[in-house]
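A quick write-up on the structure given underneath.
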Amino acid sequence: MTRPVIAIVTGAAGAIGAAIVERLLIEGARVVATDLDPGPLDAAAAAAPDRVAAVQGDITDPALGSQLVGVAIQRFGAPTALIGCSGWLRDARIQNMEPELFRRLLDINMVGPGRLMAAILPALREQGYGRIISIASRAWLGNFGSSGYSAAKGGLVGASRSLALAHAARGITVNCIAPGFIDTPMARSMPQDIVRRVVDAIPVGRAGTTDDVAALVSFLLSEASGYITGQTILCCGGRSISNPI
Amino acid sequence: MNRVIIVPDADLRASLAERGLVTVDRSEASGGLILRPRPSQETHDSWSAAAQATEEVFRAAQAFMASATSRATPAGHLVILIPADHAMGDPEDLAGSILAGTLISLVRTFALEFRKPGLTANCVFFDVSNGDIDGLDTIAELVSMLTSQTQPLINGQEIFASGGRDSGRRRP
Chain C
1 MTRPVIAIVT GAAGAIGAAI VERLLIEGAR VVATDLDPGP LDAAAAAAPD
51 RVAAVQGDIT DPALGSQLVG VAIQRFGAPT ALIGCSGWLR DARIQNMEPE
101 LFRRLLDINM VGPGRLMAAI LPALREQGYG RIISIASRAW LGNFGSSGYS
151 AAKGGLVGAS RSLALAHAAR GITVNCIAPG FIDTPMARSM PQDIVRRVVD
201 AIPVGRAGTT DDVAALVSFL LSEASGYITG QTILCCGGRS ISNPI
Chain Z
246 MNRVIIVPDA DLRASLAERG LVTVDRSEAS GGLILRPRPS QETHDSWSAA
296 AQATEEVFRA AQAFMASATS RATPAGHLVI LIPADHAMGD PEDLAGSILA
346 GTLISLVRTF ALEFRKPGLT ANCVFFDVSN GDIDGLDTIA ELVSMLTSQT
396 QPLINGQEIF ASGGRDSGRR RP
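For the record, the sequence lines run as chains C and Z.
For what it's worth, the numbering used here labels the leading residue of the first sequence as 1, then goes sequentially.
For what it's worth, the numbering used here labels the leading residue of the second sequence as 246, then goes sequentially.
Pasting the structure below:
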C-alpha cells in the first residue's frame with residue numbers, strides 16, 4: 001500500500017512550484033500550497049478544493065511554518081513532506097552588491113525555508129517518516145554575479161547534510177535538487193543572445209523543463225527513495241560537468 | 246617571512262603568530278585575509294546565526310577585495326577556515342553546517358569573480374581538537390602558501406587538512 005502524501009509546497013505559484021503541485025495532484029497527493037502571490041494558488045485550490053489548501057504567506061515570516069503545518073493538520077492530516085521551492089534572485093557583482101541586499105537574499109532563500117524545515121520536523125519525527133526536499137540551484141557550485149543567492153543555496157545544501165544525518169534513523173530523508181537552466185517565464189525574459197549561449201553550453205542541448213524537476217521531486221517523495229538522503233542532485237542537463245560559458 | 250596578512254580572529258592570529266610562520270597585521274596593504282567564521286551567538290535560531298556570520302564574512306571579504314583590486318598591481322588572497330565536520334554535514338551542529346555551506350558557495354563565487362585580476366579565494370577544512378584547530382602548524386604552512394603573492398592558480402578550492410579523514414566520503 002502506498003503511503004498517502006500530504007505535502008507543503010512553498011513558492012507554489014512560481015513556474016517550478018506550480019509544476020510540482022500539478023504533478024502531486026495527478027499522483028493523488030494533498031497539498032498545502034503557499035506563495036507570496038496567492039492568485040495562481042486560488043485557481044488551483046478552486047479546481048481541487050478537497051486536495052489543495054492555498055495559503056498566502058511571506059517566506060520570511062517566522063510564524064509561517066507553524067501556520068502551514070496547522071493548515072495541513074486541519075485540512076488533511078499531519079504533513080508528510082515539505083518541498084521548498086520559494087526563491088528570489090537579484091544579481092550583482094560582489095563589488096557592487098549592497099550588504100543589505102546580500103542579507104535579504106540569505107533571508108529569503110535560506111533563513112525562511114530553513115525555519116519551515118524546523119516547523120515541520122516535529123510532525124515528521126512523530127510519524128517516523130518524512131521527506132524534505134529543497135529546490136536549491138546549480139548556483140550552489142558558485143555563480144558569477146550571484147554571490148548572495150549562491151551562498152543561500154549553499155546553506156540549504158549544508159543544512160540538508162546535517163539534517164539528513166540527524167534524522168536518517170527516523171525514516172526522514174532530507175535532500176536538495178539543484179536545477180540548472182530551466183525554461184520558465186523568468187528565464188525567457190533574459191536577453192535572447194544570453195539564453196542561446198546558455199542553452200548551447202548544456203550538453204543535452206536544451207533548457208530543462210519544470211516537468212524535469214517535478215519528476216525528480218515525485219521520485220524523492222516516494223517511499224522507493226528511502227535510501228537516498230543528504231544528497232544534492234543536479235538536474236542541469238550535464239552542464240555542471242561541462243565547461244563553463 | 247614578511248608578508249602581511251589580516252587575521253581578525255584573535256585566537257587564530259595569536260596561534261599563527263606564536264608559530265612564526267606568518268606575520269599578522271591589520272594593515273590595509275595586506276596581501277591576505279584569513280577568516281575563521283563561527284555562527285553568531287546573538288541568536289538561538291541556527292539559520293539566523295549562520296546568516297549573520299555569512300553576512301559578516303561577505304562584508305569583510307568585499308572590503309578586502311575592493312582594496313586588493315584598487316592597487317596598481319592587484320593582489321590579494323582570501324582564505325576561509327572551516328571545521329571539516331561542518332563542511333561534511335554535522336548532525337550535532339546545524340548552524341555550523343549551514344554556515345559551512347554558505348561559505349563554500351561564497352568562496353566559489355569570489356573565486357569566479359576575482360580570478361581575472363589575479364586574486365584568489367579558497368577554503369581550508371580543519372579538524373577540531375579540544376575546541377581549537379588541530380594541526381595548526383600544517384594549517385599555517387598551508388595558509389602561508391595560499392596567500393603567497395606568486396600563487397594565482399589555486400583558486401576556488403576546498404582543501405581538507407584533516408589527515409585524510411574525508412577520504413571515502415562524498416565531499417561538499
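From the three backbone atoms N, C-alpha and C, an ideal C-beta is built for every residue, glycine too.
Heavy atom of the ligand NAP within 6 Å of residue 134 of chain C beta-carbon: The ligand content of the structure shown is nil, which means the ligand NAP is not present either.
Test: residue 273 of chain Z CB closer than 7 Å to a CB of chain C: Taking the first residue of the second sequence as position 1, residue 273 of chain Z is located at position 28. Bear in mind that the predicted position of residue 273 of chain Z carries a pLDDT of just 49, short of 50, making it unreliable; the figure below should be weighed with that in mind. So, not an interface residue.
Residue 392 of chain Z, enclosing beta strand (DSSP E) - first and last residue: Residue 392 of chain Z sits at position 147 when you count from the first residue of the second sequence. No beta strand (DSSP E) contains residue 392 of chain Z, which DSSP labels as neither H nor E.
Cβ contact (3+ pairs, closer than 8 Å) linking the region 209-227 of chain C and the region 166-185 of chain C: yes
Cβ neighbours of residue 190 of chain C in the same chain (closer than 6 Å, five flanking residues each side left out): The residue you call residue 190 of chain C lines up with position 190 of the first sequence. Within the same chain, residue 190 of chain C has no close Cβ partners at all.
Where residue 179 of chain C falls: helix, strand or coil (DSSP): Walking along the first sequence from the start, residue 179 of chain C turns up at place 179. Note: residue 179 of chain C maps to strand in three-state DSSP.
Under 9 Å by beta carbon: chain Z residues contacting residue 102 of chain C: One-based indexing of the first sequence puts residue 102 of chain C at position 102. Neighbours of residue 102 of chain C on chain Z, chain order: 299, 300, 303, 304 and 307.
Cross-strand partners of residue 208 of chain C (DSSP beta bridge): As a working note, residue 208 of chain C is residue 208 in the first sequence. Note: residue 208 of chain C sits in a beta bridge opposite C/182.
Contact list for residue 310 of chain Z against chain C, beta-carbon separation under 9 Å: Taking the second sequence and counting its residues from 1, the one referred to as residue 310 of chain Z is at position 65. By Cβ distance, chain C contributes 94 and 95.
Between the CA atoms of residue 382 of chain Z and residue 87 of chain C - distance to the nearest angstrom: Residue mapping note: residue 87 of chain C aligns to position 87 of the first sequence, counting from 1. Residue mapping note: residue 382 of chain Z aligns to position 137 of the second sequence, counting from 1. Between the C-alpha atoms of residue 87 of chain C and residue 382 of chain Z there is a straight-line separation of about 42 Å.
Length of the line joining the Cα atoms of residue 111 of chain C and residue 152 of chain C: In the first sequence, counting from the first residue as 1, residue 111 of chain C sits at position 111. In the first sequence, counting from the first residue as 1, residue 152 of chain C sits at position 152. Whole-angstrom Cα-Cα distance: 8 Å.
C-beta neighbour in chain Z for residue 122 of chain C, strict 7 Å: Stepping through the first sequence from its first residue, residue 122 of chain C is reached at position 122. Taking Cβ atoms only, chain Z never reaches closer than 7 Å to residue 122 of chain C, which makes this a no.
Bridge partners - residue 134 of chain C, DSSP secondary structure assignment: Start at 1 with the first residue of the first sequence, and residue 134 of chain C comes out as number 134. In DSSP, residue 134 of chain C forms a bridge with C/84 and C/176.
Under 7 Å (Cβ pairs) to chain C, residues found in the region 315-329 of chain Z: none
CA nearest to the CA of residue 94 of chain C, picked from Z/330, Z/354 and Z/312: Reading the first sequence from its first residue, position 94 is the one you call residue 94 of chain C. Of Z/330, Z/354 and Z/312, the residue nearest in Cα terms is Z/354.
Nearest-angstrom Cβ-Cβ length linking residue 30 of chain C and residue 3 of chain C, presumed shorter than 8 Å: Reading the first sequence from its first residue, position 30 is the one you call residue 30 of chain C. Reading the first sequence from its first residue, position 3 is the one you call residue 3 of chain C. At roughly 12 Å, the Cβ-Cβ gap does not stay under 8 Å, so residue 30 of chain C and residue 3 of chain C are not in contact.
Cβ pair residue 158 of chain C, residue 345 of chain Z closer than 7 Å: By 1-based counting over the first sequence, the position of residue 158 of chain C is 158. By 1-based counting over the second sequence, the position of residue 345 of chain Z is 100. Cβ distance < 7 Å, so residue 158 of chain C and residue 345 of chain Z count as in contact.
For residue 252 of chain Z, the three-state DSSP class (helix, strand or coil): The residue labelled residue 252 of chain Z in the question sits at position 7 within the second sequence. The answer is coil: DSSP assigns residue 252 of chain Z none of H, G, I, E or B.
With 16 other Cβ atoms within 10 Å as the buried cut-off, status of residue 203 of chain C: As a position in the first sequence, residue 203 of chain C is number 203, starting the count at 1. Exposed, since its Cβ has fewer than 16 Cβ neighbours within 10 Å.
Under 8 Å from the C-beta of residue 144 of chain C: neighbouring residues of chain Z: Position 144 of the first sequence, counted from the first residue, corresponds to residue 144 of chain C. Here the neighbours are 354, 357 and 358.
Chain Z within 7 Å of residue 290 of chain C, Cβ atoms only: Because chain C spans 1 through 245 in this model, residue 290 of chain C falls outside it and cannot be assessed.
Partners in chain Z for residue 140 of chain C, counting only beta-carbon separations shorter than 9 Å: Start at 1 with the first residue of the first sequence, and residue 140 of chain C comes out as number 140. What residue 140 of chain C touches in chain Z: 346, 349, 350 and 353.
Beta bridge counterpart(s) of residue 32 of chain C as assigned by DSSP: By one-based count along the first sequence, residue 32 of chain C stands at place 32. Its beta-bridge partners are C/8 and C/53.
Interface partners of residue 30 of chain C on chain Z, CB under 8 Å: Position 30 of the first sequence, counted from the start, is the residue given in the question as residue 30 of chain C. Under the 8 Å cutoff, chain Z gives no residues; its nearest Cβ is about 27 Å from residue 30 of chain C.
Residues that residue 354 of chain Z bridges to, as DSSP identifies them: By 1-based counting over the second sequence, the position of residue 354 of chain Z is 109. Paired residues: none, contrary to the question.
Inside the region 108-133 of chain C only - alpha helix (DSSP H) runs reaching at least 4 residues: 112-127
Residue 98 of chain C, DSSP secondary structure in three states: For the purposes of this step, residue 98 of chain C is taken as residue 98 along the first sequence, with counting starting at 1. Residue 98 of chain C sits in coil when the DSSP states are folded into three classes, being neither helix nor strand.
Length of the line joining the Cα atoms of residue 242 of chain C and residue 198 of chain C: By 1-based counting over the first sequence, the position of residue 242 of chain C is 242. By 1-based counting over the first sequence, the position of residue 198 of chain C is 198. Looking at the two C-alpha atoms, the distance is approximately 12 Å.
Cβ-Cβ distance between residue 343 of chain Z and residue 368 of chain Z below 7 Å: Position 98 of the second sequence, counted from the first residue, corresponds to residue 343 of chain Z. Position 123 of the second sequence, counted from the first residue, corresponds to residue 368 of chain Z. No. Outside cutoff.
Proximity winner among Z/388, Z/258 and Z/293, relative to residue 113 of chain C (alpha-carbon distances): Looking up residue 113 of chain C in the first sequence gives position 113. Minimum Cα distance to residue 113 of chain C is reached at Z/293.
Cβ-based burial, residue 398 of chain Z [other Cβ within 10 Å; buried from 16]: Residue numbering aside, residue 398 of chain Z sits at position 153 when the second sequence is read from its first letter. So residue 398 of chain Z counts as exposed.
Alpha-carbon to alpha-carbon, residue 116 of chain C and residue 278 of chain Z: Stepping through the second sequence from its first residue, residue 278 of chain Z is reached at position 33. Stepping through the first sequence from its first residue, residue 116 of chain C is reached at position 116. The straight-line gap from Cα to Cα measures roughly 35 Å.
Identified DSSP bridge partners for residue 373 of chain Z: The residue labelled residue 373 of chain Z in the question sits at position 128 within the second sequence. Paired residue(s): Z/378.
Helix, strand or coil at residue 167 of chain C according to DSSP, with G and I counted as helix: Indexing the first sequence from 1 puts residue 167 of chain C at position 167. When DSSP states are grouped into helix, strand and coil, residue 167 of chain C belongs to the helix group.
Among C/130, C/47, C/225 and C/206, nearest to residue 79 of chain C - alpha-carbon criterion: The sequence position of residue 79 of chain C within the first sequence is 79, counting from 1. Selected option, being the one with the closest Cα: C/130.
Pair within 7 Å by beta-carbon distance, residue 166 of chain C and residue 417 of chain Z: Mapped onto the first sequence, residue 166 of chain C falls at position 166. Mapped onto the second sequence, residue 417 of chain Z falls at position 172. In this structure, residue 417 of chain Z does not lie closer than 7 Å to residue 166 of chain C by Cβ.
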